[in-house]
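Contents: one structure, followed by commentary.
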Amino acid sequence: MEEISRRKMQVNLKRLLAGKEVVSFADPDLDASFKSLSGKLNLLTEAVQKAENQGLVKEETIIEKERKRIARDLHDTVSQELFAAHMILSGVSQQALKLDREKMQTQLQSVAAILETAQKDLRVLLLHLRPVELEDKSLVEGIQILLKELEDKSDLKVSLKQNVSKLPKKIEEHIFRILQELISNTLRHAQASCLDVYLYQTDVELQLKVVDNGIGFQLGSLDDLSYGLRNIKERVEDMAGTVQLLTAPKQGLAVDIRIPLLDKES
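Per the UniProt record's numbering, residue 1 is the first one in the sequence shown, and the count goes up by one each step.
Right, dumping it as structure tokens:
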């Protein structure tokens, strides 16, 4: 009898794991326990499925927001700049025989300046489009590659100071994306010549601090921030962290982000 009960228990465990109904036991207490366990397992399975679905919806929403932002940025910067250059060149072409040498040179210099700005804006967008996934690289390795690329493609002098060990993968991806956003913001608006990145980890906290020597701005409420900075704020809040901005006109910008580390599991 005991052997039969043991076999039935094994069968029921397999049925539980497969999401099937359990076979009734002769022992009422054992039968009730298995049915209770079955109910809890079903609820847990539903909760996990719901969380996964919500995660997918949120991820799709973020991707769609990024697509719209990139389209808007292309329209507001590169597209407008190329249109302006085209209009000037069309005017020069139509009046080539009437324009004196000095005026034509001035017009062509304007076109060259516009195209240089368009090229810079396009580089900003390409840096921002760098994949979020770090693949087989650590966060620090990914940041080093990103900052090297930034120095190669811009006039910024960049420095990195860090003492980071192993971090949860999700936090690494968030921090990498936040840094991309901050770099993009600096290149677009700051008119800075230097960018310093600090990344420090303790047992309980991760700190990312990014400082530039740009033009700064008058800091109002967080609701008045640009899309990029609001996006950073949302990402930080998703990790239960805090973000502090220190800035003033002609005083540069310092962004100080703190993320709590609950454990060291990746």
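Glycine residues also receive a C-beta, built at the ideal position from the N, C-alpha and C atoms.
Per DSSP, reduced to three states, the secondary structure at Asp256 is strand. Counting C-beta pairs closer than 8 Å gives three or more between the region 192-206 and the region 151-170, which meets the contact rule. With a cut-off of 8 Å on Cβ pairs, the region 252-260 is in contact with the region 207-219, counting three or more such pairs. Taking C-beta separations shorter than 6 Å and ignoring five residues to either side along the sequence, the partners of Ile232 in its chain run Ile178, Glu181, following chain order. Burial check for Arg67: the Cβ neighbour count within 10 Å stays below 16, so the residue is exposed. Contact between the region 117-124 and the region 158-176 is absent: fewer than three C-beta pairs spanning the two stretches fall below 8 Å. Taking 4 residues as the shortest admissible run, the region 95-158 contains the following complete alpha helix (DSSP H) segments, listed from N- to C-terminal end: 101-128, 139-153.
Here Gly216 has Thr247, Ala248, Pro249, Lys250, Gln251, Gly252, Leu253 as same chain residues with Cβ atoms under 7 Å from its own Cβ, once five neighbours each way along the sequence are excluded. DSSP places Leu179 inside the alpha helix (DSSP H), whose first and last residues are 169-185. Pairing Phe176 with Ile143 gives a Cβ-Cβ distance under 8 Å. A distance below 8 Å separates the beta carbons of Ile171 and Ile259. DSSP lists Gln162, Leu208 as the beta-bridge partner residues of Leu199. If you draw a 10 Å sphere on the C-beta of Glu81, you find 16 or more other C-beta atoms in it, and that means buried. If you look at Val78, you'll find it isn't in any beta strand (DSSP E); DSSP assigns it neither H nor E.
Judged by DSSP secondary structure, Leu245 falls within the beta strand (DSSP E) whose first and last residues are 242-247. Counting only residues of its own chain and dropping the five nearest sequence neighbours on each side, Val204 has a CB closer than 8 Å to the CB of Pro260, Leu261. Take the alpha-carbon of Gln109 and the one of His86: they are about 13 Å apart. Apart from the 5 residues on each side of it in sequence, Met104 sits with its Cβ closer than 8 Å to the Cβ of Val92, Ala96 in its chain, given in chain order. Across the set Ala112, Val243, Tyr198, the C-alpha of Ala112 shows the shortest separation from the C-alpha of Ala84. With 16 or more other Cβ atoms inside 10 Å of its own Cβ, Arg235 counts as buried.
Short of 6 Å from the beta carbon of Leu199, and not among the five residues preceding or following it, lie these beta carbons of its own chain, in chain order: Gln162, Val164, Leu208.
Closest in C-alpha terms to Arg188, from the list Thr61, Pro168, Leu74, Glu64, comes Leu74.
When rounded, the separation of the alpha-carbon atoms in Val243 and Gly228 is 13 Å. Of the candidates Leu99, Leu219, Thr106, Leu206, Leu206 places its Cα closest to the Cα of Pro168.
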